[in-house]
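Asks:
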Amino acid sequence: MNGISDGRVLAVGSVNIDRLLRCPVLPSAGETVLVTSTGEAFGGKGANQAVAAAAMGVVTHLVAKVGGDADGLKALADLRSASVGVDTVIVDVSAPTGQALVMVDPDGENSIAVIAGANALLSSEDVTDALTVLQPRAHDVILTSGEVPASCLPTVAACLPPGARWVHNAAPAGPLPAWPADRRPLLVVNEVEARQLTGTADARAAARTLAEAADGAVVTLGGEGALVAEEGHCAHIPAPAVTVVDTTGAGDTFCGTLAAELARGRSLALAAVTAVDAGAFAVTALGARGALPRPRDLARMRTR
Ligand code: RIB
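The opening position of the sequence shown corresponds to residue 152 in the numbering used here, with each subsequent residue numbered one higher.
1. Apart from the five residues just before and just after H290, which ones in its own chain have a Cβ nearer than 6 Å to its Cβ?
2. Taking the alpha carbon of A198 as the reference point, which residue from L230, L311, D256 has its own alpha carbon closest?
3. Starting from V370, follow the beta strand (DSSP E) in both directions and report where the run begins and ends.
4. Report the rounded CA-to-CA distance for L224 versus G383, giving the unit in angstroms.
5. From G297 to A221, what distance separates their C-alpha atoms?
6. For the ligand RIB, is there a heavy atom less than 7 Å away from the beta-carbon of V242?
7. So which of S234, D353, G164 has the shortest CA-CA distance to L272?
8. In this structure, does DSSP put G164 in helix, strand or coil?
9. Can you tell me whether T349 sits near the ligand GTP, meaning its C-beta is under 7 Å from at least one heavy atom of the ligand?
10. Measuring CA to CA, which of T187, V393, C385, P336 is closest to G314?
11. Between which two residues does the alpha helix (DSSP H) containing E276 stretch?
12. Checking 8 Å against the spacing of the C-beta atoms, do R346 and L378 come in under that value?
13. Throw me the rounded Cβ distance for the V160 and L294 pair, which I believe falls under 8 Å.
14. Which partner residues does K135 have in the DSSP bridge list?
15. Buried or exposed: where does V253 fall if 16 or more other Cβ atoms within 10 Å of its Cβ makes it buried?
16. Are the C-beta atoms of S418 and some chain C residue less than 8 Å apart?
17. Are L361 and V340 closer than 8 Å when you measure CB to CB?
18. If we call anything under 8 Å between Cβ atoms a contact, is G194 one with D169?
19. Closer than 7 Å: is that where the CB of V100 sits relative to any heavy atom of the ligand RIB?
20. Starting from S302, trace the alpha helix (DSSP H) both ways and give me its first and last residue.
21. As an exercise, report each continuous alpha helix (DSSP H) stretch of at least 4 residues that is fully enclosed by the stretch 353-417, in chain order.
22. For D258, which option in R447, L437, R451 has the closest C-alpha, if you only look at C-alpha atoms?
23. Let me make sure I understand the geometry here. Which of A423, S274, S262, V244 has the alpha-carbon closest to that of A180?
24. Under 8 Å Cβ to Cβ from S302, same chain only, skipping five residues before and after it: list those, please.
25. By how many angstroms is the C-alpha of A228 removed from the C-alpha of L409?
26. Skipping 5 residues on each side, what residues in its chain have a beta carbon closer than 7 Å to that of A205?
27. Quick one: using the 10 Å Cβ neighbour count with 16 as the cut-off for buried, is G367 buried or exposed?
28. Distance, Cα to Cα, V265 vs V255?
29. Starting from the Cα of T398, find the closest Cα among L421, A433, I388, I241 and give me that residue.
30. Which residue wins for smallest C-alpha separation from V238, given the options E344, D280, V244?
31. Which of the three DSSP states, helix, strand or coil, is assigned to T189?
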């Protein structure tokens, strides 16, 4: 299907404040390194994905939990300014807003440690209440990710109406639940997560395995693009060459863009081509949302 539809993106996921640490090298076990600069940015996989979807011009809502602290209020204001619907973001005064320590090396590679905070308190009841308000409908895409409790996933499955699509970014990778046969998500993972979930380092084999267990699978390959596996086929989508500054959040931009394109009614293959371009654009600046692609940026990339 390649037509235009008016689906929305309903993201269920985390909100963090990212503490950015630029390091000469990423510290290995037992190693101490001195950072060269520090910074702060808005992050969280759920929030990053929602902002990326909204930047593509698709109506987007976020289901999440933040603390009642200054970080939570700043994050909410930022999401509002990015045109993400936040009526279903709960402010919980009993916990701090999530934080992430994001270390980035001169090649743009990162290591991230997350302090879940309020994200860990997002319950299946919260998700049910939020989806009752949002009333998912045909053509909507529900986008979930792994930084909120896994107990939220069966709730999403239960609330999925006919004709709506579910995309699950299994990051960080954890045991996957047994999905109901008629309510399985499209899985999106990077190569590391694909290996963790399947036990194979062969990304193509992993993509096929994951696709059979779900409603198709996408394995992102960093600068090499992505593999899209569905209905017994596995296609490679190459990425455009870019200058890498920071890979943080590239996967989130990929997921948000993919969900937005699917909500517009694009086929998975076409949506993944746009998402690969968006992920490439995202790595060209520091921070998870330092380079947030809009349709005009992606059009410009293609004409280079
Ligand atoms: O995927 C990047 C994100 O992971 C960062 O923004 C950080 O908050 C962690 O959630």
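Yeah, the Cβ is synthetic: ideal placement off N, Cα and C, and Gly gets one too.
Replies: Concretely, from the data shown:
1. Taking the first residue of the sequence shown as 1, we reach residue 290 at position 139. So the list reads S156, G158, once near-sequence residues are dropped.
2. Residue 198 sits at position 47 when you count from the first residue of the sequence shown. When only C-alpha atoms are compared, the closest one is L230.
3. Start at 1 with the first residue of the sequence shown, and residue 370 comes out as number 219. Its beta strand (DSSP E) spans residues 368-371.
4. Taking the first residue of the sequence shown as position 1, residue 224 is located at position 73. Taking the first residue of the sequence shown as position 1, residue 383 is located at position 232. Cα-Cα distance, rounded: 46 Å.
5. Position 146 of the sequence shown, counting from 1, holds the residue named residue 297. Position 70 of the sequence shown, counting from 1, holds the residue named residue 221. Computed Cα separation, rounded: 24 Å.
6. The residue you call residue 242 lines up with position 91 of the sequence shown. V242 Cβ: outside cutoff for every heavy atom of the ligand RIB.
7. Position 121 of the sequence shown holds residue 272. Out of S234, D353, G164, G164 has the C-alpha closest to the C-alpha of L272.
8. Translated into the one-based positions of the sequence shown, residue 164 becomes position 13. Three-state result, G164: coil.
9. What this structure holds is the ligand RIB, not the ligand GTP.
10. In the sequence shown, the residue the question calls residue 314 occupies position 163. With distances taken between Cα atoms, G314 lies closest to P336.
11. For the purposes of this step, residue 276 is taken as the residue at position 125 of the sequence shown. Element bounds for E276: 275-285.
12. The count along the sequence shown starts at 1 and reaches residue 346 at position 195. The count along the sequence shown starts at 1 and reaches residue 378 at position 227. No, the Cβ-Cβ distance between R346 and L378 is not below 8 Å.
13. Walking along the sequence shown from the start, residue 160 turns up at place 9. Walking along the sequence shown from the start, residue 294 turns up at place 143. Rounded, the Cβ-Cβ distance is 6 Å, consistent with contact.
14. This structure gives no information on residue 135, because the portion of the chain shown stretches from 152 to 455.
15. Taking the sequence shown and counting its residues from 1, the one referred to as residue 253 is at position 102. So V253 ends up on the buried side.
16. No chain C appears in this structure, which consists of one protein chain only.
17. The residue given as residue 361 occupies position 210 in the sequence shown. The residue given as residue 340 occupies position 189 in the sequence shown. Closer than 8 Å, so yes.
18. Translated into positions along the sequence shown, residue 194 becomes position 43. Translated into positions along the sequence shown, residue 169 becomes position 18. In this structure, D169 lies closer than 8 Å to G194 by Cβ.
19. Because the chain here runs from 152 to 455, residue 100 falls outside it and cannot be looked at.
20. In the sequence shown, counting from the first residue as 1, residue 302 sits at position 151. Careful: S302 lies outside any alpha helix (DSSP H) and carries neither H nor E.
21. 354-364, 401-414
22. On the sequence shown, residue 258 is found 107 positions in, with the first residue counted as 1. Ranking the options by Cα distance to D258, first place goes to L437.
23. Walking along the sequence shown from the start, residue 180 turns up at place 29. Checking every option, the nearest Cα to that of A180 belongs to S262.
24. One-based indexing of the sequence shown puts residue 302 at position 151. Taken in chain order, the residues that qualify are S274, S275.
25. Here residue 409 corresponds to residue number 258 of the sequence shown, with the count starting at 1. Here residue 228 corresponds to residue number 77 of the sequence shown, with the count starting at 1. Approximately 25 Å, taken between the alpha carbons.
26. Numbered from 1 along the sequence shown, position 54 holds the residue referred to as residue 205. Closer than 7 Å at Cβ, skipping near neighbours: T211, A233, S234, V235.
27. Indexing the sequence shown from 1 puts residue 367 at position 216. Buried: at least 16 other Cβ atoms inside 10 Å.
28. Taking the first residue of the sequence shown as 1, we reach residue 265 at position 114. Taking the first residue of the sequence shown as 1, we reach residue 255 at position 104. Looking at the two C-alpha atoms, the distance is approximately 15 Å.
29. The residue you call residue 398 lines up with position 247 of the sequence shown. Considering only alpha carbons, the answer is A433.
30. Counting from 1 along the sequence shown, the entry for residue 238 is found at position 87. The sequence given here places Asp at residue 238; Val does not occur at that position. Cα-wise, what sits closest to D238 is D280.
31. Residue mapping note: residue 189 aligns to position 38 of the sequence shown, counting from 1. Strand, per DSSP.
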